[in-house]
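For the record, the sequence lines run as chains R and P. Take the first sequence: its position 50, counting from 1, is numbered 50 in this note's numbering, and each next residue is one higher. So the mapping is simple: this note's numbering equals the position in the second sequence, first residue as 1, plus 339. One structure below.
Protein chains: 2
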Amino acid sequence: MKGAVLCGPRDVRFEDQPDPRIEQATDAIIRMSATCVCGSDLWPYRGVQPITGPTPMGHEYCGIVEEVGSAVRSVKPGQFVIGSFATSDSTCPNCKYGYQSSCVHREFMTRAQAPMLRVPLADGTLVPTPGVPSDDDLLASLLTASDVLGTGWFAADAANVKPGSTVVVVGDGAVGLLGVLSARQMGAERIIAMSRHVKRQKLAREFGATDIVSERGDEGVARIKEMTRGIGADSVLECVGTQESMMQAIRATRPGGYVGYVGVPHGVELSGEQLFFAHVHLHGGPAPVRRYLPELIDLVLNGKIDPGKVFDLTLPLDQVAEGYRAMDERRAIKAFLRP
Amino acid sequence: MKGAVLCGPRDVRFEDQPDPRIEQATDAIIRMSATCVCGSDLWPYRGVQPITGPTPMGHEYCGIVEEVGSAVRSVKPGQFVIGSFATSDSTCPNCKYGYQSSCVHREFMTRAQAPMLRVPLADGTLVPTPGVPSDDDLLASLLTASDVLGTGWFAADAANVKPGSTVVVVGDGAVGLLGVLSARQMGAERIIAMSRHVKRQKLAREFGATDIVSERGDEGVARIKEMTRGIGADSVLECVGTQESMMQAIRATRPGGYVGYVGVPHGVELSGEQLFFAHVHLHGGPAPVRRYLPELIDLVLNGKIDPGKVFDLTLPLDQVAEGYRAMDERRAIKAFLRP
Numbered sequence: 001m002k003g004a005v006l007c008g009p010r011d012v013r014f015e016d017q018p019d020p021r022i023e024q025a026t027d028a029i030i031r032m033s034a035t036c037v038c039g040s041d042l043w044p045y046r047g048v049q050p051i052t053g054p055t056p057m058g059h060e061y062c063g064i065v066e067e068v069g070s071a072v073r074s075v076k077p078g079q080f081v082i083g084s085f086a087t088s089d090s091t092c093p094n095c096k097y098g099y100q101s102s103c104v105h106r107e108f109m110t111r112a113q114a115p116m117l118r119v120p121l122a123d124g125t126l127v128p129t130p131g132v133p134s135d136d137d138l139l140a141s142l143l144t145a146s147d148v149l150g151t152g153w154f155a156a157d158a159a160n161v162k163p164g165s166t167v168v169v170v171g172d173g174a175v176g177l178l179g180v181l182s183a184r185q186m187g188a189e190r191i192i193a194m195s196r197h198v199k200r201q202k203l204a205r206e207f208g209a210t211d212i213v214s215e216r217g218d219e220g221v222a223r224i225k226e227m228t229r230g231i232g233a234d235s236v237l238e239c240v241g242t243q244e245s246m247m248q249a250i251r252a253t254r255p256g257g258y259v260g261y262v263g264v265p266h267g268v269e270l271s272g273e274q275l276f277f278a279h280v281h282l283h284g285g286p287a288p289v290r291r292y293l294p295e296l297i298d299l300v301l302n303g304k305i306d307p308g309k310v311f312d313l314t315l316p317l318d319q320v321a322e323g324y325r326a327m328d329e330r331r332a333i334k335a336f337l338r339p
Numbered sequence: 340m341k342g343a344v345l346c347g348p349r350d351v352r353f354e355d356q357p358d359p360r361i362e363q364a365t366d367a368i369i370r371m372s373a374t375c376v377c378g379s380d381l382w383p384y385r386g387v388q389p390i391t392g393p394t395p396m397g398h399e400y401c402g403i404v405e406e407v408g409s410a411v412r413s414v415k416p417g418q419f420v421i422g423s424f425a426t427s428d429s430t431c432p433n434c435k436y437g438y439q440s441s442c443v444h445r446e447f448m449t450r451a452q453a454p455m456l457r458v459p460l461a462d463g464t465l466v467p468t469p470g471v472p473s474d475d476d477l478l479a480s481l482l483t484a485s486d487v488l489g490t491g492w493f494a495a496d497a498a499n500v501k502p503g504s505t506v507v508v509v510g511d512g513a514v515g516l517l518g519v520l521s522a523r524q525m526g527a528e529r530i531i532a533m534s535r536h537v538k539r540q541k542l543a544r545e546f547g548a549t550d551i552v553s554e555r556g557d558e559g560v561a562r563i564k565e566m567t568r569g570i571g572a573d574s575v576l577e578c579v580g581t582q583e584s585m586m587q588a589i590r591a592t593r594p595g596g597y598v599g600y601v602g603v604p605h606g607v608e609l610s611g612e613q614l615f616f617a618h619v620h621l622h623g624g625p626a627p628v629r630r631y632l633p634e635l636i637d638l639v640l641n642g643k644i645d646p647g648k649v650f651d652l653t654l655p656l657d658q659v660a661e662g663y664r665a666m667d668e669r670r671a672i673k674a675f676l677r678p
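In structure tokens, the structure reads:
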């Protein structure tokens, strides 16, 4: 089969890879219904995160189970399944506490931008849906649960969003936009999206943003303070991962408020003293998507949310390189790929 | 009057200072019943935190109200009162959220190692007790509520200690020891105190520690992991403020667990990436002692807790310099000072 391989900065190729096969009794092989390009894929794509050689790409996936290992019990061939970008055994203490993305047997998925995929720890990682999705919109929304929606949801959860909360979302990528959607689902009263990109502002409003702030840095923080009685927001979702965005998030939060951070940090250093006097709660990390999957799938299947709207570019899988280019140049929010 | 003044590294003098007087209508003047030396006083004492000139010292206090400004309503002359090391108006949004130590009118107290003290924002800062404490043990325990107990309590609260929790306390100073006491009060099942100092280990056990770990750094973390099914503790209280202690705390916490940090950070830098993959909750800062004061005073007056045991050296106030020396050399856990 062919799949996406990153060969160097801005050099994604769709090329031959070995067909996946059952390697462990706990594996499943799925035939991809849809996959996509993640904002976090742009770090190595841009050369910010070095790679050591040609690297198969992709970690968001859903599809039909083709084959399962002899120990797999909870999914079977023919089922439509969605899995987390991080595998989990569902039995270790971290999984039991709901932190499946820190499972002691965790592997971060890769190779999902391909027509077939091996999923380790299938019982603990995959969630089957009642049926096979009937249309592309539904498929797109279900695919988001694999990472981007689950990550936005975790950002809101980690930021302690509650009914009535005032929420700020830093980052207008797909995760940030779905952070807006998640905050709305959790009952936030006011949701301030920080964005200076008209198309993304529009989608943020569709997802539930009540206010848009286009200022950044000191000015952005000052604007948030003005809007929040001078003290900052209850909950701030950090969905970028740079020093600037992290400090913007911390400084936009009121003392005693919560920062949920899900942008994979690159070069971020936090001053202990600054954090101490900021007086905020800080929580984040790789989203425990597996914890949220059943609930998110239900919300999608019941038509309560339509997270698939973050896909504004659909491409055949063999044009995956164009998906990266469009996202890198911010021409597209997120690229949906059909094998 | 005379009071403690830090004139340079390890140079504390008991010397003439102006008598405090009402400066604002919201002030109170109190006659000190007892004060003490704080672990955080040792940072400037050791020259780690620079001072710009002779600096009056002390921020833990309790005593009898001598005089109040014309706007003060909730305390009156003759009452015994305890106040937080941070003043608060009790009316601003941060105070309403329970973060009085980030009050928009906050001042950090100083000049409390003296026989008389001006307390700004008396209504919001001071809590009167039903009577005047009848003996020195009670006085000592009440004094701790002003900072050291309230700070240990906040560490446990910020670390989300709940009935049944497994808790680690990093730091065997007075705050750490009272963190042990606080975790016990909050129902922790297992409390592991990290200490290599026999006398402090003993007091930790009296306060409720179930285990002592004397290893530090990598070895200390490995030991905690061994004791916690390989994953780390639910709640870790960081009560020191160095890079080493902070990293020890973060690494001893399980994914999804909580670090409560109250040691004033000195030179601490946290890697965003390390924090992200540690997957912990982080909360701390200057303890909102005022929030806890009524409850802590009740616990002391009802004989439920005896935090005054952290004082293992009693001195007349004019020998305050010896209090600093004894704590600096770790001969004393905490010095109690009587005017």
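In this text, a Cβ means the ideal position worked out from N, Cα and C, and glycines have one as well.
### Task
Compute the beta-carbon to beta-carbon distance between P/Pro646 and P/Leu517, rounded to the nearest angstrom, for a pair I have assumed lies under 8 Å.
Between P/Leu517 and P/Pro646 the Cβ distance is about 5 Å, and since that is below 8 Å, they are a contact.
### Query
If we call anything under 8 Å between Cβ atoms a contact, is R/Arg338 one with R/Leu317?
Yes, the Cβ-Cβ distance between R/Arg338 and R/Leu317 is below 8 Å.
### Span of the alpha helix (DSSP H) around R/Thr144
Membership of R/Thr144 in the alpha helix (DSSP H) is indicated by the continuous run Asp136 to Thr144.
### Message
Assuming P/Lys435 is part of the alpha helix (DSSP H), what are its boundary residues?
### Response
Taken as a continuous stretch (DSSP letters only), the alpha helix (DSSP H) holding P/Lys435 covers Pro432 to Lys435.
### Query
Of the residues that make up the segment 6–32 of chain R, which ones have a beta carbon closer than 9 Å to any beta carbon in chain P?
Per Cβ criterion, the list is empty.
### Query
Opposite R/Tyr258 in the DSSP bridges: which residues?
R/Tyr258 pairs with R/Ser235 and R/His281.
#### Entry: Under 7 Å from the C-beta of P/Tyr438: neighbouring residues of chain R
The contacting residues are Pro255, Gly256 and His279.
### Task
Identify whether R/Arg200 lies in helix, strand or coil by the three-state DSSP scheme.
Helix.
### Query
What residues match up with P/Val404 in a beta bridge as DSSP calls it?
Bridge partners of P/Val404: P/Ile369.
### Task
Tell whether a beta-carbon distance below 8 Å holds between R/Val167 and R/Ile224.
Note that the C-beta distance between R/Val167 and R/Ile224 is not below 8 Å.
### Message
For P/Arg445, which residues in the same chain have their Cβ closer than 7 Å to its Cβ, ignoring the five residues on either side in sequence?
### Response
Non-local beta-carbon contacts of P/Arg445 in its own chain, meaning distances under 7 Å to residues more than five positions away in sequence, involve Ala425, Thr426 and Ser427 in chain order.
### Task
Report the three-state DSSP secondary structure of P/Thr449 (helix, strand or coil).
P/Thr449: coil per DSSP, three-state reduction.
### Message
I'd like to know whether the C-beta of R/Asn302 is nearer than 8 Å to at least one C-beta of chain P.
### Response
Taking CB atoms only, R/Asn302 has no neighbour in chain P less than 8 Å away.
### Query
Near R/Val268, which residues of its chain fall below 6 Å by C-beta distance, leaving aside the five closest residues on each side in sequence?
Cβ neighbours of R/Val268 beyond the five flanking positions: Gln243 and Met246.
### Task
Kindly list the residues whose CB is nearer than 6 Å to the CB of R/Arg254, restricted to its own chain and excluding five residues on each side of it in sequence; keep chain order.
Correct list, in chain order: Ile231 and Gly232.
### Contact set for P/Tyr384: own chain, Cβ-Cβ below 8 Å, skip 5 residues either direction
Within the same chain, P/Tyr384 has close Cβ partners Leu345, Pro348, Arg349, Val351, Tyr663 and Asp667.
### Query
In chain order, what residues of the same chain lie with their CB nearer than 6 Å to the CB of P/Ala603, ignoring the 5 residues before and after it?
According to the sequence as given, residue 603 of chain P is Val; it is not Ala. Contacts found: Ser379 and Gly580.
### Query
Helix, strand or coil: which one does DSSP assign to R/Val221?
In this structure, R/Val221 counts as helix in the three-state DSSP scheme.
### Task
Could you say which of R/Gly285, R/Val65, R/Arg251 and R/Gly257 lies nearest to R/Ser271 if we only look at CA atoms?
Ranking the options by Cα distance to R/Ser271, first place goes to R/Arg251.
### Query
Does DSSP put P/Val509 in a helix, in a strand, or in coil?
The three-state secondary structure of P/Val509, taken from DSSP, is strand.
### Task
Leaving out five residues on either side along the sequence, give the residues of the same chain with a beta carbon under 8 Å from the beta carbon of P/Pro389.
Contacts found: Pro383.
### Reference P/Leu685, options P/Ile530, P/Gln363, P/Ser423 and P/Thr549, closest by Cα
Summary: the structure shown does not reach residue 685 of chain P, with chain P confined to residues 340 through 678, and so no result is reported for it.
### Task
Assuming P/Pro403 contacts P/Ser485 (C-beta within less than 8 Å), just tell me the rounded distance between them.
Strictly speaking, residue 403 of chain P in this sequence is Ile, with Pro absent from that position. Actually they do not touch by this definition, with Cβ atoms about 15 Å apart.
### Query
Can you find a C-beta in chain R that's less than 8 Å from the C-beta of P/Asn433?
Yes, contact with chain R.
### Under 7 Å from the C-beta of P/Pro604: neighbouring residues of chain R
Close to P/Pro604, with beta-carbon spacing below 7 Å, are these residues of chain R in chain order: Gly272, Glu273 and Phe276.
### Query
Going straight from the alpha carbon of P/Ser440 to that of P/Asn433, what length do you get?
Looking at the backbone, the Cα of P/Ser440 and that of P/Asn433 are separated by about 8 Å.
### Message
For a test of the three-state rule: what should DSSP assign to P/Ala671, helix, strand or coil?
### Response
Coil at P/Ala671, not helix or strand.
#### Entry: Cβ separation of R/Gly69 and R/Thr35, assumed to be a contact under 8 Å, to the nearest whole Å
That belief does not hold up - the Cβ atoms of R/Gly69 and R/Thr35 are roughly 22 Å apart, past 8 Å.
### Task
Using the DSSP secondary-structure output, state which residues sit across from R/Phe80 in a beta bridge.
Bridge partners of R/Phe80: R/Ile64.
### Task
Please list the partners that P/Leu621 has in chain R, where partner means a Cβ-to-Cβ separation under 8 Å.
In chain order, Leu275, His281, Leu282 and His283 make up the part of chain R whose C-beta sits under 8 Å from the C-beta of P/Leu621.
### Query
Which stretch, first to last residue, makes up the alpha helix (DSSP H) that contains R/Ser245?
Counted as a single uninterrupted DSSP element, the alpha helix (DSSP H) harbouring R/Ser245 occupies residues Gln243 to Arg251.
### Task
Hey, could you find the ends of the alpha helix (DSSP H) R/Ala158 is sitting in?
R/Ala158: member of the alpha helix (DSSP H) spanning Val148 to Ala158, first to last residue.
### Query
Would you report the Cα separation of R/Ser90 and R/Gly257, rounded to the nearest angstrom?
Each residue's alpha carbon lies about 31 Å from the other.
### Query
Rounded to a whole number of angstroms, what is the C-alpha to C-alpha distance between R/Phe336 and R/Leu315?
Rounded to whole angstroms, R/Phe336 to R/Leu315 spans 6 Å at the Cα level.
### Message
Give me the residue from P/Pro472, P/Ile361, P/Cys377 and P/Ala451 with the minimum Cα distance to P/Ile636.
### Response
Nearest C-alpha to P/Ile636: P/Pro472.
### Query
Exposed or buried, what is P/Gln452 when buried is set at 16 or more other beta-carbons lying within 10 Å of its beta-carbon?
Label assigned to P/Gln452: buried.
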